[in-house]
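Residue numbers for the sequence shown follow my numbering, beginning at 1189 and rising by one. Ideal Cβ positions, reconstructed from N, Cα and C, are used throughout, including at glycine. Beneath this line is the structure, given in structure tokens, with notes to follow.
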Amino acid sequence: MLTSGGVMSEVPDHIGVDLWRSFRAFEARMYDRLAQAGFDDVTVADSEVLVQIGPQGKTMVALAQGRGVSKQAVQGQVASLVRRGYLEVAPDAQDRRARRVTHSARGREMVAALASIKSDMQAELTQTVGAQGLQQLREALAQLRDALRQT
């Protein structure tokens, strides 16, 4: 974008750039802190699987459906996380044909560390912009999300 003097401006031409940059900065700080906590091999792609698995676990089919990908695609990610000690896979108690994916002890430790990191980051952001400023930001983001879903 050029200014009237012909100099390049740093102002993005749409809000998406601001949203993307803010998210990427948040994400980078979060993963840096996760690495410092001893989980330096967890990637963004891993988190797409890890965040879907709750205390009761999920079947491979449910994971694939939740991500909108094939069961085969999920199996590769799950196998990698099993090898690194974050997940366990066993026959499902309700349906013996299905396989249930759950967090291992290391996986539960990582989830707890990540929850603590997010809480700390939330507190830091609250100090930076104030509780009211952060609440207003969240409300504005929710309005943007809702407006974009309607179009």
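Reference Gln1310; option with closest CA among Arg1326, Gly1264 and Gly1295: Arg1326
Residues bridged to Ala1278 [DSSP beta-bridge criterion]: Ala1278 has Arg1288 as its beta-bridge partners, per DSSP.
Cβ-based burial, His1291 [other Cβ within 10 Å; buried from 16]: Classification for His1291: buried.
Beta-carbon spacing of Ala1250, Ala1261 below 8 Å: no
The segment 1292-1301 contacting the segment 1268-1281, beta-carbon criterion three pairs below 8 Å: yes
When Phe1227, Ala1278 and Val1232 are compared against Phe1214, the one with the closest alpha-carbon: Val1232
Alpha-carbon to alpha-carbon, Asp1201 and Met1189: Per-residue confidence for Met1189 stands at a pLDDT of 47, beneath the threshold of 50, marking its modelled position as unreliable; no derived number is given.
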